[in-house]
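Trainee: According to mature numbering (1 follows the signal peptide of the UniProt record, and there is no 0), the residues represented by the sequence shown are -32 to -1, 1 to 154, in order. C-beta: ideal position from N, C-alpha, C; glycine also. All values derive from a computational prediction rather than experimental measurement. There's a structure below that I have some questions on.
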Amino acid sequence: MNIRSTRIRFAAGVVSAVAVGALALSASPASAAQSDNFVRGYDTYVGDWGDEGPMAFGFQEHNESNAVCLWQKILWAEGAQEKDGTKFDAADVDGEFGANTDHATRNLQARWKLTVDGEVGGGTFGRADNELKKTGGSEARGQKLEMTYYGDHGSFSVVRNTEGKYSFRDGDNVWRIAGYDYRTCS
């Protein structure tokens, strides 16, 4: 083999390696973070919420949203303790991440042995998706998936639609998509 053919093969190898690397970096993730503006996931639902958030009391972004309503439904299902010492109840699900939601979030983080900071980010939201159980549909990309969230105090239905967006029933029994940039839940 001469030097010229060795250089050509080396250059071809480098180009192939760069192309493979670029494809790997552009592949779709297993789930999408709040920069996508929705609580969303793809393929297996296990770990879908691990890159969601952050939401917290005092944050200027996303502290009034349907994503907060979904989190508050989790606080209700878990029976997290609110500021007045009672369990977080359905009337507390309003889509506003206020002092009461902050207190209940900290209570649940302590129960789950997580960092107690009141922030609902990947660690806290990610721990919550451990309580999702498939009840129907398919985990295949582009298919509807039906689940139930089972907490210590209650449960509620959750659906991941064909676009990977999570939805839940609000206080008026209306299905709402868990988005970060709007609040239509009650």
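With T130 as the anchor, note down where its alpha helix (DSSP H) starts and where it stops.
Mentor: No alpha helix (DSSP H) holds T130; DSSP gives it neither H nor E.
Trainee: From T116 to A96, what does the alpha carbon distance come to, in whole angstroms?
Mentor: Approximately 12 Å between the Cα atoms of the pair.
Trainee: Can you list, in chain order, the residues of its chain with a C-beta nearer than 6 Å to that of W39? Leave out the 5 residues immediately preceding and following it.
Mentor: For W39, where only same-chain residues beyond five positions count, the Cβ hits under 6 Å are V88.
Trainee: Determine the DSSP secondary structure at Q40, reduced to helix, strand or coil.
Mentor: Reduced to three states, the DSSP call for Q40 is helix.
Trainee: Whose C-beta lies closer than 6 Å to the C-beta of G132 among residues of the same chain, with five residues either side of it excluded?
Mentor: Result list for G132: R8, G9, Y10, in chain order.
Trainee: Once DSSP output is grouped into helix, strand and coil, what is the label at Q111?
Mentor: Coil.
Trainee: Note down the Cα distance separating G53 from R151, rounded to an integer number of angstroms.
Mentor: One C-alpha to the other measures close to 27 Å.
Trainee: Consult DSSP for F65 and reduce its assignment to one of helix, strand or coil.
Mentor: Reduced to three states, the DSSP call for F65 is coil.
Trainee: In the DSSP assignment, find the unbroken beta strand (DSSP E) run with R144 in it and report its ends.
Mentor: Element bounds for R144: 143 to 145.
Trainee: Starting from R79, follow its DSSP beta bridges and name the residues at the other end.
Mentor: DSSP, once it has assigned bridges, lists no residue as partnering R79.
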